[in-house]
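Reviewing the structure listed below.
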Amino acid sequence: NFVERYSDSIDTNSEKSEFDQYLPAEFFKKRIELINGNLMIDCPVPSNLLESFPNISSNEFINMRYTACTSKPDNFKNDNFNLRQIEYEPSRETELFILITLNEEDDAQLSRTFNGIIENIAYLCSLKDSEIWKIVVCIISNGRNNINERALAYLGALGVYQHNIAKSQMDNKVVRAHIYEYTTQISIQCSKKSIIKKTINDGIFPTQLLFCLKEKEKDNADSFQWFFNAFCPILNPKICVLIKAGVKLAFLNPQVAGACGKLVAMKDGCWYQLLNPIIGAQIFDYEISNILDKPSEAILGYIQSLPEEFSAYRYLSLQDITNNNNGTPILSTSYLKYNYLLCFDLISKHNRSWILHYESSSKAEFNIYTNLSEFIHQQR
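In this note's numbering, the protein residues as written are 20 to 399.
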């Protein structure tokens with residue numbers, strides 16, 4: 020079977036971005052042979068982006084992998100879909116698999132999260148006997164028409180996204196997710212005032228990126244389903260991290276099945292905003308959780324619910340409680356929607372002594388919602 024490449028694109032007539040210069044200026048059509056009935060192609064990275072990279076000696080720096088996934092998350096591996104991280108020789112072991120969930124955040128919010136992770140990767144790689152290839156960063160966007168165009172352009176500047184490649188159908192099958200894979204050598208920190216770019220010459224380490232752009236908008240539980248049920252069985256990571264900001268977190272205690280850190284409000288110097296009851300209520304809720312709830316629960320080794328904004332799980336512990344008939348770990352929808360069920364099953368596993376841990380020295384900042392409509396949408 021063959022398919023024509025570069026058609027059925029996302030609308031690009033929306034807001035322009037300074038990152039658009041890194042997207043391909045021209046496109047062509049090419050017939051591509053399907054692999055096991057699946058569309059998986061290597062797309063050359065734009066030359067003007069490669070010019071900013073010090074090292075272009077390897078295929079993973081020169082080409083981006085695109086996969087049009089027609090499978091459900093639970094059947095990803097059984098339907099012969101794969102990730103290119105496991106195709107390298109020698110094979111690469113994944114220690115840390117980091118998830119960033121992306122909804123409607125713009126380039127500034129995404130870069131704040133991504134740069135926090137990149138800084139911590141640099142820290143981990145500076146440690147003795149550290150391996151840079153043991154870390155994979157996964158970004159999952161909740162809906163093809165829901166993603167912010169500036170966030171897409173930011174991902175294009177990192178090299179992990181290209182316009183006009185995504186297909187909405189393959190052999191009369193609906194494409195459920197568009198998967199882009201690339202190893203980037205650049206970190207871009209952007210704000211309203213400036214854009215700061217760093218490469219491996221500035222202490223940045225090459226980072227393996229996996230960007231999953233879901234075709235339809237669904238809830239966060241669906242994003243976690245792609246992460247845990249589709250990608251984790253392929254990479255078989257030791258630690259899965261769900262994160263919204265940079266963090267240094269290590270599982271030194273082999274009994275720890277899951278952990279979370281402290282969530283603090285993003286400080287912008289405008290403390291008068293505390294007069295807004297919506298803002299004040301959010302800060303109060305998180306502070307009470309940081310001061311009373313989490314520390315007291317951690318003493319008993321059981322935290323009722325690990326926040327999806329900033330938490331980590333030992334993948335072995337998830338395999339303990341979630342195996343289907345084929346022996347593949349599959350997290351049920353109830354676990355993904357109701358975190359407290361997952362936490363309880365982890366610590367109550369028979370013949371196991373798993374505990375849940377709270378690390379107060381690890382902090383992540385969260386966005387404060389200033390009006391009622393944003394707050395209700397976030398709580399949904």
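Note that CB positions come from ideal geometry on N, CA and C, so glycine has one too.
What you are looking at is a predicted structure, and each value in this text was computed from that prediction instead of being measured.
- Message: Quick check on this structure: which residue in Leu282, Phe363, Ser66, Leu355 has the alpha carbon closest to the alpha carbon of Ile310?
- Response: On the sequence shown, position 291 is the one that residue 310 refers to. When only C-alpha atoms are compared, the closest one is Leu282.
- Query: Just how far apart, CA to CA, sit Leu121 and Ile395?
  - Reply: In the sequence shown, the residue the question calls residue 121 occupies position 102. In the sequence shown, the residue the question calls residue 395 occupies position 376. Rounded to whole angstroms, Leu121 to Ile395 spans 18 Å at the Cα level.
- Query: Touch check for the segment 311-325 and the segment 358-371: three-plus C-beta pairs under 8 Å?
  - Reply: yes
- Item | Segments assigned beta strand (DSSP E), at least 3 residues, entirely inside the segment 302-336 | Along the length of the segment 302-336, whole beta strand (DSSP E) runs at least 3 residues long occupy 330-333, reported in chain order.
- Task: Please report the Cβ distance between Leu115 and Ile154, rounded to the nearest whole angstrom; I am assuming they are in contact, meaning their Cβ atoms lie under 8 Å.
- Result: For the purposes of this step, residue 115 is identified with residue 96 of the sequence shown, where counting begins at 1. For the purposes of this step, residue 154 is identified with residue 135 of the sequence shown, where counting begins at 1. Distance from Leu115 to Ile154 at the Cβ level is roughly 5 Å; contact confirmed, criterion being Cβ atoms closer than 8 Å.
- Query: Given that a residue counts as buried once 16 or more other Cβ atoms are within 10 Å of its Cβ, and exposed if not, what is Val260?
  - Reply: Here residue 260 is taken as the residue at index 241 of the sequence shown, counted from 1. Buried is the call here.
- Query: Of all the options Arg195, Asn78, Ser315, Leu68, which has the alpha carbon lying nearest to the alpha carbon of Leu174?
  - Reply: On the sequence shown, position 155 is the one that residue 174 refers to. When C-alpha distances from Leu174 are compared across Arg195, Asn78, Ser315, Leu68, the shortest belongs to Leu68.
- Item | Length at least 3, wholly inside the segment 108-186: the beta strand (DSSP E) runs in chain order | If one requires a minimum length of 3 residues, the beta strand (DSSP E) runs lying completely within the segment 108-186 are 115-121, 154-160, in chain order.
- Message: Quick check: the Cα distance between Gln128 and Cys279, rounded to an integer number of angstroms?
- Response: Position 109 of the sequence shown, counting from 1, holds the residue named residue 128. Position 260 of the sequence shown, counting from 1, holds the residue named residue 279. Roughly 21 Å between the two C-alpha positions.
- Own chain residues within Cβ distance below 6 Å of Thr86, not counting five before or after: Position 67 of the sequence shown, counted from the start, is the residue given in the question as residue 86. Only Met59, Ile198 meet the Cβ criterion.
- Please state if the CB of Phe72 and the CB of Gln204 are separated by a distance shorter than 8 Å. For this step, residue 204 is matched to residue 185 along the sequence shown. For this step, residue 72 is matched to residue 53 along the sequence shown. The answer is yes: Cβ separation under 8 Å.
- Task: Helix, strand or coil for Tyr85, going by three-state DSSP, please let me know.
- Result: For this step, residue 85 is matched to residue 66 along the sequence shown. Residue state, collapsed to three classes: strand.
- With Lys356 as the anchor, note down where its alpha helix (DSSP H) starts and where it stops. Start at 1 with the first residue of the sequence shown, and residue 356 comes out as number 337. Where Lys356 is concerned, the enclosing alpha helix (DSSP H) stretches over 352-356.
- Using three-state DSSP, classify Leu102 as helix, strand or coil. On the sequence shown, residue 102 is found 83 positions in, with the first residue counted as 1. Three-state result, Leu102: coil.
- Query: Quick one, which of Phe247, Lys212, Val156 has its alpha-carbon nearest Tyr334's?
  - Reply: Translated into the one-based positions of the sequence shown, residue 334 becomes position 315. The residue with the shortest Cα to Cα distance from Tyr334 is Phe247.
- Message: Tell me the residue span of the alpha helix (DSSP H) that contains Ile253.
- Response: Looking up residue 253 in the sequence shown gives position 234. Here the alpha helix (DSSP H) through Ile253 covers 251-254.
- Grouping DSSP H, G and I as helix and E and B as strand, with all else coil, what is Asn239? The count along the sequence shown starts at 1 and reaches residue 239 at position 220. Asn239: helix per DSSP, three-state reduction.
- Query: How is Gln338 classed by DSSP in three states: helix, strand or coil?
  - Reply: In the sequence shown, residue 338 corresponds to position 319, counting from 1. Reduced to three states, the DSSP call for Gln338 is helix.
- Task: Would you decide whether Tyr354 is buried or exposed? Buried here means 16 or more other CB atoms lie within 10 Å of its CB.
- Result: Here residue 354 refers to the residue found at position 335 of the sequence shown. Buried is the call here.
- Leu294 versus Glu306: straight-line alpha-carbon distance, rounded: Your numbering for residue 294 matches position 275 in the sequence shown. Your numbering for residue 306 matches position 287 in the sequence shown. In a straight line, the C-alpha of Leu294 is about 17 Å away from that of Glu306.
- Message: Count Cβ pairs between the segment 236-255 and the segment 88-102 that sit closer than 8 Å; are there 3 or more?
- Response: yes
- What number of angstroms, rounded off, separates the C-alpha of Trp373 from the C-alpha of Tyr357? As a working note, residue 373 is residue 354 in the sequence shown. As a working note, residue 357 is residue 338 in the sequence shown. Each residue's alpha carbon lies about 19 Å from the other.
- Task: Output the boundary residues of the beta strand (DSSP E) element that contains Leu261.
- Result: Here residue 261 refers to the residue found at position 242 when the sequence shown is read from its first residue. Element bounds for Leu261: 258-261.
- Query: For Gly299, which residues does DSSP report across the bridge?
  - Reply: Reading the sequence shown from its first residue, position 280 is the one you call residue 299. DSSP, once it has assigned bridges, lists no residue as partnering Gly299.
- Query: How close, in whole Å, do the beta carbons of Glu328 and Phe385 come, if the pair is a contact with beta carbons under 8 Å?
  - Reply: Counting from one through the sequence shown, the residue named residue 328 turns up at place 309. Counting from one through the sequence shown, the residue named residue 385 turns up at place 366. That belief holds up - the Cβ atoms of Glu328 and Phe385 are roughly 6 Å apart, short of 8 Å.
- Nonlocal neighbours in the same chain, by C-beta distance under 6 Å from Asn390, ignoring five residues either side: In the sequence shown, the residue the question calls residue 390 occupies position 371. Contacts found: none.
- Task: Return helix, strand or coil for Asp61, following the three-state DSSP convention.
- Result: The count along the sequence shown starts at 1 and reaches residue 61 at position 42. When secondary structure is reduced to three states using DSSP, Asp61 falls in the strand class.
- Item | Residues bridged to Cys231 [DSSP beta-bridge criterion] | For the purposes of this step, residue 231 is taken as the residue at position 212 of the sequence shown. Paired residue(s): Ile159, Ile198.
- Task: Helix, strand or coil for Gln274, going by three-state DSSP, please let me know.
- Result: As a working mapping, residue 274 is identified with position 255 in the sequence shown. Three-state DSSP puts Gln274 in coil, outside helix and strand.
- Just how far apart, CA to CA, sit Asn255 and Thr113? Walking along the sequence shown from the start, residue 255 turns up at place 236. Walking along the sequence shown from the start, residue 113 turns up at place 94. Rounded to the nearest angstrom, the two C-alpha atoms are 7 Å apart.
- Per-residue DSSP class, three states only, for Ala269: Taking the first residue of the sequence shown as position 1, residue 269 is located at position 250. Confidence at Ala269 is low in this model, with a pLDDT of 44, below 50, so the placement of that residue should be treated as unreliable; the coordinate-derived value is given next. Three-state result, Ala269: coil.
- Item | Cut-off 7 Å between Cβ atoms - residues of its own chain near Asp99, not counting five sequence neighbours on either side | Counting from 1 along the sequence shown, the entry for residue 99 is found at position 80. Looking at the sequence provided, one finds Asn at residue 99 rather than Asp. Hits under 7 Å: Asn55, Asn57.
- Query: Pick from Leu143, Thr352, Thr202: whose alpha carbon is nearest that of Pro63?
  - Reply: To locate residue 63, count along the sequence shown from 1; it is residue 44. Looking at the Cα atoms, Thr202 is the closest of the given residues.
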